[in-house]
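Sequential numbering from -9 applies to the sequence shown in this note's numbering.
The beta carbon of each residue, even a glycine, is placed where N, CA and C say it ideally should be.
What follows is one structure encoded as structure tokens, with my remarks underneath.
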Amino acid sequence: MAKLTIADLKKIKEEYHAGQALREGGFKVKITVHMGTCGIAAGARPIMNVILEELAKSGRKDIAVTTSGCAGLCSKEPMMTIELSGEAPVRYIALTEEKARKIFAEHVMAGKPVKEYALVVGHETTY
């Protein structure tokens, strides 16, 4: 089997993201609450409840809410990642219910990331 090149990896990544968009129904925003064991122990369930409450109040139908397992940053839990269509994802850490409400209002609804709660912007890949 031939070795993969950077161009091959880029193509695979683009195909993957195109497939994800189709499966997600063309949502404009994706909210991922990290709910591995460490996240749940640190308080991810109340964070998820806040997000679902705020989503219901907003009336928006173009926001997908999902969960993930452990992101490998147990000391930074609870965490969530916000992905707006066409923009780099933002991972938020050490969340409280109050912080989650502010992130929903400012980032999800208004499109302005809340820098003071963010750990990182972007993906881990370099290609």
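### Enclosing alpha helix (DSSP H) for Met69 [first to last residue]
Position 79 of the sequence shown, counting from 1, holds the residue named residue 69. Element bounds for Met69: n/a, residue is neither H nor E.
### Query
In terms of residue numbering, what span does the alpha helix (DSSP H) encompassing Ile41 cover?
Reading the sequence shown from its first residue, position 51 is the one you call residue 41. Taken as a continuous stretch (DSSP letters only), the alpha helix (DSSP H) holding Ile41 covers Ala34 to Ser48.
### Minimum C-alpha distance to Arg81 - residue among Val40, Ile21 and Thr(-5)
Along the sequence shown, one-based indexing puts residue 81 at 91. Nearest of Val40, Ile21 and Thr(-5) to Arg81, Cα basis: Ile21.
### Query
What are the start and end residues of the beta strand (DSSP E) that includes Ile21?
The residue given as residue 21 occupies position 31 in the sequence shown. Unbroken beta strand (DSSP E) run through Ile21: Val19 to His24.
### Message
For Ser75, list the residues DSSP reports as bridge partners.
### Response
Translated into positions along the sequence shown, residue 75 becomes position 85. According to DSSP, residue pairing for Ser75 in a beta bridge does not occur.
### Query
Of the residues Val98, Lys102 and Lys(-7), which one's Cα is nearest the Cα of Ser48?
The residue given as residue 48 occupies position 58 in the sequence shown. For the residues Val98, Lys102 and Lys(-7), the minimum Cα distance to Ser48 belongs to Val98.
### Task
Starting from the C-beta of Glu67, find all residues in its chain whose C-beta is less than 6 Å away, skip the five residues before and the five after it, and write them out in chain order.
On the sequence shown, position 77 is the one that residue 67 refers to. For Glu67, where only same-chain residues beyond five positions count, the Cβ hits under 6 Å are Cys28, Gly29 and Ala32.
#### Entry: Option in Lys(-7), Lys3, Val23 and Ala(-8) with minimal Cα separation from Glu87
In the sequence shown, residue 87 corresponds to position 97, counting from 1. Of Lys(-7), Lys3, Val23 and Ala(-8), the residue nearest in Cα terms is Val23.
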